[in-house]
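For the sequence shown, position 152 matches number 273 in the working numbering, and the numbering has no gaps at all. Structure first, then comments.
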Amino acid sequence: MANKAKNNSNMPNAHLHELFVDELRDVLSAEKLLLKGLKTMSGKANSEGLKTAFEEHYAQTEQHIERLKKVFASINLSPRAKKCKAMESLLEEAEEIIENFEDAQVLDAALIAAAQKAEHYEIASYGCLVTYANLMDHQEAADLLNQTLEEEKDTDAKLTEIAMEEANVTQ
Numbered sequence: 122m123a124n125k126a127k128n129n130s131n132m133p134n135a136h137l138h139e140l141f142v143d144e145l146r147d148v149l150s151a152e153k154l155l156l157k158g159l160k161t162m163s164g165k166a167n168s169e170g171l172k173t174a175f176e177e178h179y180a181q182t183e184q185h186i187e188r189l190k191k192v193f194a195s196i197n198l199s200p201r202a203k204k205c206k207a208m209e210s211l212l213e214e215a216e217e218i219i220e221n222f223e224d225a226q227v228l229d230a231a232l233i234a235a236a237q238k239a240e241h242y243e244i245a246s247y248g249c250l251v252t253y254a255n256l257m258d259h260q261e262a263a264d265l266l267n268q269t270l271e272e273e274k275d276t277d278a279k280l281t282e283i284a285m286e287e288a289n290v291t292q
């Protein structure tokens, strides 16, 4: 895989460049897949707070995709996704949850768990990408990726809050 970035041979830790680009393409696919999953999960959620959280994260995910396009531009590459098998599997699991649980409160708890699994995947992905970008002195990319990383962490915390206040409580 011959990926060219600005001053590729002169950048520090250039050996990480192909991995960085591969991970960028993976997370771009993950974000695009997540859009469909969030739409489905929002439609199945019973709690208004959870529906709103999914809708807000949908809009945020659209911003994440635009931000990833800026990251690609910052390293002189056009944005191109590669199929993210991990997110695809996580969303398949979410579909199974929707089919298997009918009780409203249990379904919401299960949807939160499914969404948090996806968030944790994204947090891990963006955390690695920020590290690689910093190691290669791609400061603009690192800043953009770190902004998304922080938003993913905030979403995870919000989902935990909804779970503890609404879904994972005794009746």
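Built from N, CA and C at the ideal position, the CB exists for glycine as well.
Buried or exposed by the 16-neighbour rule on C-beta atoms within 10 Å, applied to Met257: buried
Separation of Leu149 from Met132, as counted between CA atoms: 24 Å
Asp224 - DSSP class collapsed to helix/strand/coil: coil
3-residue-minimum beta strand (DSSP E) runs that sit fully inside the stretch 169 to 250, ordered along the chain: none
Endpoints, the alpha helix (DSSP H) within which Met162 is located: His138 to Lys165
Endpoints, the alpha helix (DSSP H) within which Thr264 is located: Going by the sequence as given, residue 264 is Asp instead of Thr. Residues Gln260 to Ile283.
Inter-stretch contact (C-beta, 8 Å, three-pair minimum) for the stretch 205 to 213 and the stretch 172 to 192: no
Secondary structure of Asn289, DSSP reduced to three states: coil
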